[in-house]
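Going by our numbering, the residue at position 107 of the first sequence is 107; the numbering climbs one at a time, nothing skipped.
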Amino acid sequence: MSEETNTPTTNYQTPTTITPRTRFAPSPTGYMHVGGVRTALFAWLVAQKDGGTFILRIEDTDKVREVPGSIEQIEKSLRWLGIEWTEGVDVGGPYAPYKQSERLDIYTEWAHKLVDSGRAYADPYSKEELEDFRNSAIANKKPFLYRDHRPENPPVWDGTLPLRFKSDPKDYQWTDVVMGDLSTGPEAIDDFILIKSDGYPTYNFCHIIDDMLMGITHVLRSQEFISTTPKFLNLYEALGIDRPILATLPYVMAIDGKKKLGKRDGAKNILEYGYDGYLPEAMMNFLATLGWNDGTEQEIFSAEELIAKFSLDRVQRSPARFDEKRLLWLNGQWIRKLSLDDLYKRCANFWPESAAQASDNAKKQVLSLVQDRLKTLADLPLLTAYFFAEPTPDWTMTSDNKQLAKIPREELNDLLISAKSALENSDFDAESIQITLNALIDTTGQKPGVLFSLIRLAVSWAPFSPALNDTLATLGHDTVQSRLQTAIDAA
RNA sequence: GGUCUCAUCGUCUAAUGGUUAGGACACCAGGUUUUCAUCCUGGCAAUCCGGGUUCAAUUCCCGGUGAGAUCACCA
Numbered sequence: 001m002s003e004e005t006n007t008p009t010t011n012y013q014t015p016t017t018i019t020p021r022t023r024f025a026p027s028p029t030g031y032m033h034v035g036g037v038r039t040a041l042f043a044w045l046v047a048q049k050d051g052g053t054f055i056l057r058i059e060d061t062d063k064v065r066e067v068p069g070s071i072e073q074i075e076k077s078l079r080w081l082g083i084e085w086t087e088g089v090d091v092g093g094p095y096a097p098y099k100q101s102e103r104l105d106i107y108t109e110w111a112h113k114l115v116d117s118g119r120a121y122a123d124p125y126s127k128e129e130l131e132d133f134r135n136s137a138i139a140n141k142k143p144f145l146y147r148d149h150r151p152e153n154p155p156v157w158d159g160t161l162p163l164r165f166k167s168d169p170k171d172y173q174w175t176d177v178v179m180g181d182l183s184t185g186p187e188a189i190d191d192f193i194l195i196k197s198d199g200y201p202t203y204n205f206c207h208i209i210d211d212m213l214m215g216i217t218h219v220l221r222s223q224e225f226i227s228t229t230p231k232f233l234n235l236y237e238a239l240g241i242d243r244p245i246l247a248t249l250p251y252v253m254a255i256d257g258k259k260k261l262g263k264r265d266g267a268k269n270i271l272e273y274g275y276d277g278y279l280p281e282a283m284m285n286f287l288a289t290l291g292w293n294d295g296t297e298q299e300i301f302s303a304e305e306l307i308a309k310f311s312l313d314r315v316q317r318s319p320a321r322f323d324e325k326r327l328l329w330l331n332g333q334w335i336r337k338l339s340l341d342d343l344y345k346r347c348a349n350f351w352p353e354s355a356a357q358a359s360d361n362a363k364k365q366v367l368s369l370v371q372d373r374l375k376t377l378a379d380l381p382l383l384t385a386y387f388f389a390e391p392t393p394d395w396t397m398t399s400d401n402k403q404l405a406k407i408p409r410e411e412l413n414d415l416l417i418s419a420k421s422a423l424e425n426s427d428f429d430a431e432s433i434q435i436t437l438n439a440l441i442d443t444t445g446q447k448p449g450v451l452f453s454l455i456r457l458a459v460s461w462a463p464f465s466p467a468l469n470d471t472l473a474t475l476g477h478d479t480v481q482s483r484l485q486t487a488i489d490a491a
């Protein structure tokens with residue numbers, strides 16, 4: 001297409017024409033849950049897709065709500081998922097500092113520009129006076145607007161009073177990459193606080209300054225900000241800066257679907273999922289497809305595929321519920337996709353205590369048998385304990401089995417004696433064992449359902465286990481012989 | 001209450017002005033020489049309601065209804 005072609009004009013630049021700079025800008029008020037992490041993920045994907053830059057900025061302007069250690073939690077959470085940033089508090093960058101509490105001079109400077117241009121004024125009212133304004137508005141069934149009470153001669157702003165934006169109420173329409181065309185009337189615009197009386201700026205003010213100074217191209221944020229966006233548009237105009245590309249992400253809802261996911265309603269620390277045996281690949285896959293899809297029937301996406309295929313215009317407008325069953329399924333899928341060596345590395349902290357002395361090779365062999373059975377890495381002890389420690393015979397388990405329950409214990413015991421004898425001289429690779437077991441079916445005349453179930457129980461005393469020949473081969477000749485003897489003795 | 005947003009199986013979603021409304025999770029049933037899991041096959045299950053435009057609406061428009069958000073010296 002030539003440069004001369006008449007193309008329709010839009011009120012924002014199309015994403016393909018610029019190199020994106022996106023940011024995730026959490027406030028350090030505690031751990032991260034899936035809602036916050038998904039916002040970070042989408043911003044990261046937008047940057048990665050077009051070779052852009054992803055920035056981690058910390059918005060710590062509310063000293064009351066700040067929780068010590070939060071920044072480390074946030075960084076650890078993002079890194080666990082595989083989200084890396086190239087500018088941020090810990091790695092620095094050309095627009096440092098990336099922590100708002102260290103940028104107060106910058107905000108003060110811009111605040112003075114607004115004062116000088118007549119677009120900001122000191123707020124002389126006490127909390128009580130403001131409360132009266134608000135109550136009388138409510139009593140008259142009118143919406144409360146601070147701008148109805150602008151002081152005629154505001155005092156000079158010396159930093160001890162809050163500084164308010166002098167808004168210019170009007171209609172707005174704007175395009176949101178996700179939500180489409182949005183519009184509001186002037187009643188959505190009011191005079192909001194720019195700088196608090198403690199000298200710290202409000203989010204409403206400083207995020208706009210920082211996004212501008214840091215060259216942020218795409219502002220992604222969650223849906224609760226949609227109603228405050230007109231105020232931001234008003235402020236962009238007062239500051240004479242271009243508005244960035246705006247993208248509103250739908251909420252992640254709690255499982256009951258009644259409200260957005262929040263810590264108060266039990267939203268888990270994202271790191272907990274790692275401790276519970278979830279893979280970061282599965283979590284990323286899950287979060288990306290919560291509110292986004294590529295239009296095909298693909299369900300499993302690697303980080304590379306997400307980066308290649310992600311686009312904001314396919315993000316859902318409606319909220320999505322957090323469905324842990326789907327996450328669990330995805331985790332199983334990802335566990336099965338990993339190579340044995342890779343899976344083994346990730347299992348380091350999940351083995352049963354009894355496996356502490358086992359060799360890497362022994363554990364790897366066991367792992368290869370249960371890889372298809374793991375839904376989370378935390379299932380490992382339940383599935384593998386009897387490989388590493390002698391199980392205690394429990395003959396009541398035979399009566400839980402439909403087929404075994406019909407057969408007298410003496411007869412079962414005789415079968416075990418036959419099995420022990422047959423396996424005594426068998427080669428002990430999985431294939432030979434299967435041949436031996438098949439022959440045993442012929443000589444005893446028993447159905448596999450009886451014979452195999454019995455042997456399986458006698459060597460594992462576990463409710464479930466891998467295929468019998470694999471299990472026996474992994475346990476080894478001597479262990480199988482001694483466990484069968486123990487079972488026979490306990491009958 | 002003002003303002004704003006959203007609405008397809010239970011859940012995540014696809015699609016189109018004309019389709020048997022597709023897939024996945026979950027659930028149910030069957031299969032793979034025992035169990036559990038994997039895997040395979042099958043089943044159940046949806047366009048919120050009412051108008052309008054149209055030959056034709058789930059899709060476009062309007063109005064309801066429902067749900068959510070926001071209305072802080074929080075972000």
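Don't be surprised by glycine CBs; every beta carbon is placed ideally from N, CA and C. As the structure is a computational prediction, the values presented were derived from the model and not from experiment.
Boundaries of the beta strand (DSSP E) in which residue i is found, first to last residue
| i | result |
| --- | --- |
| ASP176 | 172-176 |
| SER222 | 218-222 |
| ARG164 | 163-165 |
| ALA282 | Here ALA282 belongs to no beta strand (DSSP E); instead the alpha helix (DSSP H) covers 280-288. |
| PHE24 | 21-24 |
| ILE241 | Looking at the DSSP string, ILE241 is not in any beta strand (DSSP E), and its letter there is neither H nor E. |
| ILE55 | 53-56 |
Assumed close pair residue i, residue j - CB separation to whole angstroms, cut-off 8 Å
| i | j | result |
| --- | --- | --- |
| THR229 | LEU246 | 7 Å |
| MET284 | ALA303 | 6 Å |
| VAL34 | ILE270 | 6 Å |
| LEU41 | ALA288 | 6 Å |
| TRP395 | ALA490 | 7 Å |
| PRO154 | PRO124 | 6 Å |
| ALA555 | PRO26 | Nothing can be reported for residue 555, as the shown portion of the chain is limited to 1 through 491. |
| LYS49 | PHE310 | 6 Å |
| ASP379 | ARG336 | Actually they are not in contact, since the Cβ atoms of ASP379 and ARG336 sit about 13 Å apart, beyond 8 Å. |
| MET214 | ARG65 | Incorrect: roughly 23 Å between the Cβ atoms, too far for contact. |
| ASP483 | ALA458 | It is Arg, not Asp, that sits at residue 483 in the sequence shown. Sure, about 6 Å apart at Cβ, within 8 Å. |
Where the alpha helix (DSSP H) through residue i begins and ends
| i | result |
| --- | --- |
| VAL480 | 477-490 |
| ASP394 | Where ASP394 is concerned, there is no enclosing alpha helix (DSSP H), given that its DSSP letter is neither H nor E. |
| PRO125 | The sequence given here places Tyr at residue 125; Pro does not occur at that position. Element bounds for TYR125: n/a, residue is neither H nor E. |
| ILE455 | 448-460 |
| ARG38 | 34-49 |
| ALA308 | 303-309 |
| ILE441 | 430-444 |
| PHE192 | No alpha helix (DSSP H) contains PHE192, which DSSP labels as neither H nor E. |
| PHE387 | 380-388 |
| ILE270 | 270-275 |
| ARG409 | 409-424 |
| LYS402 | 402-405 |
Contact under 8 Å by Cβ, residue i with residue j
| i | j | result |
| --- | --- | --- |
| ILE58 | GLU87 | no |
| LEU104 | GLY199 | yes |
| PHE350 | LEU330 | no |
| LEU249 | GLY180 | no |
| ARG321 | ILE255 | yes |
| ASP236 | ASP191 | First, the amino acid is wrong: residue 236 is Tyr here, not Asp. No. |
| THR444 | LEU369 | no |
| PRO244 | ASP210 | no |
| LEU454 | SER418 | no |
| LYS260 | VAL252 | yes |
| TYR121 | LYS166 | yes |
| ASP60 | GLN100 | yes |
Three-state secondary structure (DSSP) of residue i
| i | result |
| --- | --- |
| ASN201 | Position check: residue 201 holds Pro in this sequence, whereas Asn was assumed. PRO201 falls in the strand class under three-state DSSP. |
| THR7 | Per-residue confidence for THR7 stands at a pLDDT of 32, beneath the threshold of 50, marking its modelled position as unreliable; the derived number appears in the next sentence. Of the three classes helix, strand and coil, the one that applies to THR7 here is coil, per DSSP. |
| ASP181 | strand |
| THR108 | helix |
| GLU87 | strand |
| TRP329 | helix |
| ILE138 | helix |
| MET214 | coil |
| LEU261 | coil |
| ALA96 | coil |
| THR229 | helix |
| ALA467 | coil |
| VAL156 | coil |
| ALA320 | strand |
| THR474 | helix |
| ALA247 | strand |
What runs of the alpha helix (DSSP H), each 4 residues or longer, lie entirely inside the stretch 339-366?
-> 340-346
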